[in-house]
Amino acid sequence: MDTAPGQPWHKKLHWRIAIAMLLGIIAGLIGGEPLADKVGWLGDLFIRLLKMIIVPLVLTSIISGVASVGAGAGLKRLFGKTLGYYVMTSLAACLVGLVMVNTIRPGVGADLVDAEVERMPDLTVIQSPVDLILDIVPENIVSAAAKPNMLSIIFFSIVLGISISSLRQRYREPLLNFFEAGFEAMMRLTGGIIRIVAPLGVFGLIVRLVGTTGLGAFKALGLYALMLVCGLTIHLFLTLPLVLRFLGGINPIVHFKNMVEPIVMAFSTSSSGATLPVTINAVENKVGVSNRVSSFVLPMGATVNMDGTALYECAGVLFIAQAMGVSLGLEQQLLVVFTALLASIGAAAVPSAGLVVIFIVLEAVNLRGPQVELIVGAMLAVDRPLDMYRTVVNVFSDSCGAAIIARSEGETGVDETVVQTS
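Heads up: take any position in the sequence shown, counting from 1, add 579, and you land on the numbering used here.
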């Protein structure tokens, strides 16, 4: 992690990306298009590496998360409640993002790409709910992975994970260990790409952006960042507290105070996976949730419950469409919401994972190509603080789910008092 204790500031990822962005701005202003042509390949390499890991990351993440649930009536009930809560809050986050991006419209008039409407690709249109269901179910999973058709991959991963969880232990454990090991390997690879290649990739992308469009692009990025901050704040301080109050009968202020340590850790690490031990400790010892519930809900949440990421993907894709001058109708926007909801399930619990899976949502409405990649790279320039805030929302939503489900299971003493740090 880039937040190791005692690590020099210049070795921390967010500072390295910030320095790369600053150097990219300076180099782009001085070198212009000639320099952009020479170093732009660094950004292309970074984007290709991110795309390279999407399919195995989503497969191993979802299959290991779902398969680890196990079998039995009690666990099936717990699984149903957990999945229902995660889908509900992630969908609410997507809708908040949808409202914010259509209200603020940060991409309209943005000078991020020099594109004409007639050069934009044709958009995917939902013909009917039946067509959407048929598109999700793959005829050939290998072919779906090669395209890649991420909705089909996510669907296959979920049903395979459920099937593995229902096997007898002698068959389930080897498969579960295999996919968990694969997921750990993909998390290590994702972290390595972000840590090692991201600064160079950001430099190349920013040089190309500034060298070809000037500094006017950053006004749009500032409005985009403000839009995301507003959306995440609404979800964190309005949507989730309302869910706590009405579904769990829990005082949101008490829950916030009991979750201070995980919130700080989440903001510092930008990783719900790295924060998980702190989250479990706080949920069990301060919130008062039993180990039976916390050990089930929280690890699953760190894998599949990404409210902040879902909001980011939904709003980010619509921002890109606005910046490219592409008008998305209601059907396309609902497809973005639906895909962002499913794609957030596949986001690994590592820094900037949302940057990886945003390509899944872009593919759903057929937005692709160098212009799209350029805008995604520009978004990365302001992504670090946004990623930190998204992680806070992700972790807090997990803790809310654990508290609400514990109450629904008849547990007492959940968030009845604020427990002080010893």
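Just so you know, even glycine gets a beta-carbon here, dropped at the ideal spot from N, CA and C.
Since the structure is predicted, the reported quantities are computational estimates derived from the model, not experimental observations.
Cβ-based burial, Thr996 [other Cβ within 10 Å; buried from 16]: Exposed is the call here.
Near Ile859, what residues of its chain come up, given a Cβ to Cβ distance below 6 Å and the 5 sequence neighbours on each side ignored? Only Ser873, Leu877 meet the Cβ criterion.
Neighbourhood of Phe734 by C-beta distance below 6 Å, restricted to the same chain and skipping five residues each side: Taken in chain order, the residues that qualify are Ile715.
Within its chain, find whatever has a CB closer than 7 Å to the CB of Leu531; leave out the 5 residues flanking it on each side and keep chain order. In the structure as shown, the chain begins at 580 and stops at 1001. Residue 531 is therefore absent and cannot be evaluated.
Roughly how many whole angstroms lie between the Cα atoms of Ile937 and Val916? The alpha-carbon atoms of Ile937 and Val916 are separated by roughly 12 Å.
Looking only at its own chain, which residues have a Cβ that is under 8 Å from the Cβ of Gln901, when we skip the five neighbours before and after it? Val680, Arg684, Pro685, Gly686, Val687, Ala689, listed in sequence order.
Residue nearest to Ile832 in terms of C-alpha spacing, selected from Trp594, Val866, Met806: It is Val866 whose Cα lies nearest to the Cα of Ile832.
Output needed for Arg787: all residues of its chain with C-beta closer than 7 Å, excluding positions within five of it in sequence on either side, in chain order. Answer for Arg787: Ala615, Gly619, Gly622, Leu953, listed in chain order.
How many Å lie between Leu959 and Glu763 at the Cα? The alpha-carbon atoms of Leu959 and Glu763 are separated by roughly 24 Å.
With 16 other CB atoms within 10 Å as the buried threshold, where does Ala894 fall? Counting Cβ neighbours within 10 Å, Ala894 comes out buried, since at least 16 surround it.
Which one of Ala671, Ile737, Phe658, Val961 has the shortest CA to CA distance from Leu601? Selected option, being the one with the closest Cα: Val961.
Could you compute how far the alpha carbon of Val696 sits from the alpha carbon of Glu942? Low confidence applies here, because Val696 scores a pLDDT of 34, under 50, leaving its location unreliable; read the following figure in that light. Looking at the two C-alpha atoms, the distance is approximately 18 Å.
Identify every run of the alpha helix (DSSP H) within the region 847-881, keeping only runs that are complete inside it and at least 4 residues long; order them along the chain. Within the region 847-881, the complete alpha helix (DSSP H) runs of at least 4 residues are 851-861.
Rounded to whole angstroms, how far is the Cβ of Val868 from the Cβ of Ala985, which I believe are closer than 8 Å? The beta carbons of Val868 and Ala985 sit about 4 Å from each other, so the pair counts as a contact at 8 Å.
Segment limits, alpha helix (DSSP H) that includes Phe816: Per DSSP, Phe816 lies in no alpha helix (DSSP H) and is assigned neither H nor E.
Looking at C-beta atoms only, is the number of pairs between the region 826-846 and the region 975-984 that lie closer than 8 Å three or more? Enough Cβ pairs lie closer than 8 Å, so yes.
Let me confirm a value: Tyr750 is counted as buried when at least 16 other C-beta atoms fall within 10 Å, else exposed. Which label applies? It counts as exposed.
Could you check which residue in Ala861, Ala881, Pro841, Ala599 has the C-alpha nearest to that of Val998? Sorting Ala861, Ala881, Pro841, Ala599 by C-alpha distance to the C-alpha of Val998 places Ala861 at the top.
Thinking just about the alpha-carbon of each residue, which of Phe758, Val971, Glu840, Val789 is nearest to the one in Leu1032? This structure cannot settle anything about residue 1032, because the visible part of the chain is limited to 580 through 1001.
Check for me: the alpha helix (DSSP H) holding Asp886 runs from which residue to which? For Asp886, the enclosing alpha helix (DSSP H) starts and ends at 886-902.
Within 10 Å of its beta-carbon, does Val905 have 16 or more other beta-carbons around it, so buried, or fewer, so exposed? A residue is called buried once 16 or more other Cβ atoms fall within 10 Å of its Cβ, and Val905 is buried on that count.
For a quick check, are the C-beta atoms of Thr661 and Met879 less than 8 Å apart? Taking 8 Å as the cut-off, the Cβ atoms of Thr661 and Met879 count as close.
Considering only the beta carbon of each residue, do Val974 and Ile842 sit closer than 8 Å? Closer than 8 Å, so yes.
Backbone CA spacing between Leu821 and Val896 [nearest angstrom]: Going by the C-alpha atoms only, they are around 27 Å apart.
Name the two residues that bound the continuous alpha helix (DSSP H) containing Lys836. First-last of the alpha helix (DSSP H) with Lys836: 831-837.
Alpha carbon to alpha carbon, what distance is there between Ile737 and Leu670? Taking the Cα positions, Leu670 is about 18 Å away from Ile737.
Gly992 vs Ile626 beta-carbon contact at 8 Å: 8 Å or more divides the Cβ of Gly992 from the Cβ of Ile626.
Can you find the residues in the same chain that come closer than 6 Å, C-beta to C-beta, to Ile1007, ignoring five residues on each side of it along the sequence? Nothing about residue 1007 can be reported from this structure: the residues present for the chain run from 580 to 1001 only.
Where does Gly1003 fall in DSSP's three states? Outside the displayed span of the chain (580 to 1001) sits residue 1003, for which this structure offers no information.
If I follow the unbroken alpha helix (DSSP H) through Pro949, where does it start and stop? Here the alpha helix (DSSP H) through Pro949 covers 949-959.
Under 6 Å Cβ to Cβ from Gly989, same chain only, skipping five residues before and after it: list those, please. Correct list: empty, nothing qualifies.
For Ala919 and Val944, the rounded distance between their alpha carbons: Distance between the alpha carbons of Val944 and Ala919: 11 Å.
Contact set for Val972: own chain, Cβ-Cβ below 7 Å, skip 5 residues either direction: Listed in chain order, the non-local C-beta contacts of Val972 below 7 Å within the same chain comprise Leu811, His814, Leu815, Asp886, Gly887, local neighbours out to five positions each way being set aside.
Locate the alpha helix (DSSP H) running through Ile720, then write down its first and last residues. Here the alpha helix (DSSP H) through Ile720 covers 720-725.
Using the rule of at least 16 other Cβ atoms within 10 Å of the residue's Cβ for burial, across every protein chain shown, is Ser722 buried or exposed? It is exposed - the Cβ of Ser722 has fewer than 16 other Cβ atoms within 10 Å.
Looking at the structure shown, is Thr639 part of a helix, part of a strand, or coil, going by DSSP? If DSSP states are grouped into helix, strand and coil, Thr639 belongs with the helices.
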